[in-house]
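Colleague: Under my numbering, residues 1 to 258 are what the sequence shown spells out, in order.
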Amino acid sequence: MDMIYICTLFVIGFIGSFLSGMLGIGGAIIKYPMLLYIPPLFGFTAFTAHEVSGISALDVLFVSLAGVLAFRNGGYLNKSLITVMGISVLFGTLIGSFASHQLSEETVNIVYGILALLAAIMMFIPKKQIDNLPLDQVTFNKPLAVVITFLVGIGSGVVGAGGGFLLIPIMLLILRIPTRMTIASSLAITFISSIAGSFGKIATGQVDYYSALIVIIAGLIAAPLGAKISKTMNTKALQGILVVLIFGTAIKIWIDIL
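1. Residues in its own chain within less than 7 angstroms of Leu175 by CB, not counting five upstream and five downstream?
2. Leaving aside the five residues before and after Ala99 along the sequence, list all residues of the same chain whose C-beta is less than 7 angstroms from its C-beta, in chain order.
3. Taking the alpha carbon of Ile12 as the point to measure from, which residue in Asp2, Leu36, Lys236 has its own alpha carbon closest?
4. Using CA atoms only, rank isn't needed, just tell me which of Ile183, Gly96, Val152, Tyr32 is closest to Gly75.
5. Grab the span of the alpha helix (DSSP H) containing Phe98 for me, first residue to last.
6. Is DSSP giving Asp2 helix, strand or coil here?
7. According to DSSP, is Ala279 part of a helix, a strand, or is it coil?
8. Would you kindly check if the distance between the Cβ of Asp59 and the Cβ of Gly226 is under 8 angstroms?
9. Is Ala196 closer than 8 angstroms to Thr93 when the C-beta atoms are compared?
Spelled out as structure tokens, the structure:
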């Protein structure tokens, strides 16, 4: 395969996964538009929305796991939060990933656009200071978390995302989880979600395995680096970066849809 093609996919995977590890997202919010728009700029055949969602699903599975391992020390992984939201998102994602096979490419892109726009709006809403709360005193509304995460899982399953880009603002704004715990725990929840998402995409034949392998290899290198940097960054700066990324990709996808 053309070396330029391999390098293009590698760079996409590296950038997306570096930001994934740093911000606690699976990376699909960034890689989805990059995979959709960048390869054609270099003269390569464009991926379909279904192929992009398939590559993203498989990539998120490995990258989110790498991110979780990087955060395993420090007490930022909230087991109760991960268990409750993880089980809920697992079922939602399974439904969405299988249903996506029946949807048109435009519909898949619209679902992505809606999710990205919702995430951007929630990130812009001011939040009360919660980062000074001791990690062992963090509590949350479990029934609310279950319902919200299930719905997020359905949408995420459609576009091949783990849902981290939407779960993070939900955990910060609605469930009121401290930022660093949100970043670490959302990676674990995203990993659980991506298990179901990958299974659904593989079962319905939506994965380009060779391209996915290149993106995954780049991701496994980049995600731990991003997670390491995240531990030393100001939490306000992390939230600001996430807002810019989500809002920018939401605008781009809606311009193309409309």
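Note that beta-carbon positions come from the ideal geometry of N, C-alpha and C, so glycine has one too. In this text, all values refer to a predicted model and were calculated from it rather than measured experimentally.
Modeller: This is what the structure holds:
1. Annotation for Leu175: Phe140, Asn141, Ala145 place their beta carbon closer than 7 angstroms to its own, counting only its chain and skipping 5 residues before and after.
2. When the five nearest sequence neighbours on each side are left out, the beta carbons in the same chain lying within less than 7 angstroms of the beta carbon of Ala99 are those of Val158, in order along the chain.
3. The residue with the shortest Cα to Cα distance from Ile12 is Leu36.
4. Relative to the Cα of Gly75, the nearest Cα in the group Ile183, Gly96, Val152, Tyr32 belongs to Ile183.
5. Taken as a continuous stretch (DSSP letters only), the alpha helix (DSSP H) holding Phe98 covers 79-99.
6. In the structure shown, Asp2 sits in coil (DSSP, three-state: anything other than H, G, I, E or B).
7. Only positions 1 to 258 of the chain appear in this structure, which leaves residue 279 out of reach.
8. No, the pair does not count as a contact, with Cβ atoms beyond the cut-off.
9. Yes. Within cutoff.
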